Amino acid sequence: MATIQAQKPVLFILNTNYSSWSLRGWLGLRATGLDFEVKMLKAGTPEVPDIGTPEWAALAVQAGPTGKVPCLHVTKPNGGQHIVFESVAILEYVAEDFPAMWPADRFDRAYARSLASEMATSFGPIREYAMNIRREYPFDPKLYTPAVEKCVRRLESIWAGCREAVVAKNNGEEDDGYLFGKFSFADAMYAPVMMRIKTYSLKDHFNHPLAIKYIETLTNNKYVQEWIALALEETEVLPSDEVYPEDSATA
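First residue of the sequence shown: 1, per UniProt numbering; consecutive thereafter.
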């Protein structure tokens, strides 16, 4: 397997407690074993009180041309710098050196990429639940709109369907409980949803036992747990990502 480059890649992220897209990129890289550095652009500070502010915009340009995270800064063989932005693009770039992060079967691989893209472009209603790992709220029916219910049903269909397919193969391949048996970049894309399920007490709205088991498997992944531990150590508060602002002072 080739080495991506001699100089360590640098992954630019936002606060671990709040940034779902940062989690996707970081988790994918962490799962490969790639040696990379993390540069956190931290908001919720006196200097940068929140995302969406002029102060945040001035800070975020360090990450890349979109002013969003994650971005992966890599060094070309000639010493030049290149910025890979957008989570799926970062995962695809890394997959060129770690192809096992996508399923081996061609059709499974195509489906995994489809699912990763669907996560990136769909599920807007459930992504409106701000990721906030430090919080755990009782279920709020006011937030659980028909659009959110539709997302939950689609997620359940994906997760249960993938797990059923893995179990049905029963061909002796390693099955660690993930969407395609072994952990893949498709799982990395869905990890932030698990944080929302826990924070907003949505687990009881999933019915299929294989989907429920998958929620538990991905949540307990050692690198997901590593990210959660980092989030719990943070003290910064982003007012725009606090669904119940009256509680933010105690975060």
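Cβ coordinates follow ideal geometry from the N, Cα and C atoms, glycine included.
Please read all numbers here as calculations on a predicted model, not as lab measurements.
Simplified DSSP assignment, three categories, for residue i
i	result
residue 167	helix
residue 325	A query on residue 325 cannot be resolved here, the shown segment of the chain reaching from 1 to 251 and no further.
residue 214	helix
residue 75	strand
residue 178	strand
residue 148	helix
residue 83	strand
residue 61	coil
residue 137	coil
residue 219	helix
residue 262	Residue 262 lies beyond the stretch modelled for the chain, which goes from 1 to 251, so this question has no answer here.
residue 244	coil
residue 19	coil
residue 251	Any reading at residue 251 needs caution, since the residue's pLDDT is 42, under 50, leaving its predicted position unreliable; the model's value is listed next. Residue 251: coil per DSSP, three-state reduction.
residue 107	helix
residue 25	helix
residue 102	coil
Cβ-based neighbour list, residue i, same chain, cut-off 8 angstroms, excluding 5 preceding and 5 following
i	result
residue 1	No answer about residue 1 holds up, because its pLDDT of 49 lies below 50 and its placement is not dependable.
residue 145	125
Cut-off 7 angstroms between Cβ atoms - residues of its own chain near residue i, not counting five sequence neighbours on either side
i	result
residue 57	67
residue 230	16
residue 23	191, 192, 227
residue 187	178, 179, 218
Run of the alpha helix (DSSP H) containing residue i, from where it starts to where it stops
i	result
residue 230	222 to 233
residue 126	124 to 127
residue 90	87 to 95
residue 67	Where residue 67 is concerned, there is no enclosing alpha helix (DSSP H), given that its DSSP letter is neither H nor E.
residue 191	185 to 199
Integer-rounded CB distance, given that residue j should sit under 8 angstroms from residue i
i	j	result
residue 10	residue 36	7 angstroms
residue 133	residue 195	5 angstroms
residue 185	residue 162	Actually they are not in contact, since the Cβ atoms of residue 185 and residue 162 sit about 14 angstroms apart, beyond 8 angstroms.
Which residues DSSP lists as bridging residue i, in chain order
i	result
residue 37	10
beta-carbon residue i near the ligand SAM non-hydrogen atom, thresh 8 angstroms
i	result
residue 112	Judged by which ligands are present, the structure shown has none, so any question about the ligand SAM falls away.
Proximal residues to residue i (C-beta, below 6 angstroms), its chain only, five neighbours per side dropped
i	result
residue 71	12, 63, 64, 83, 85
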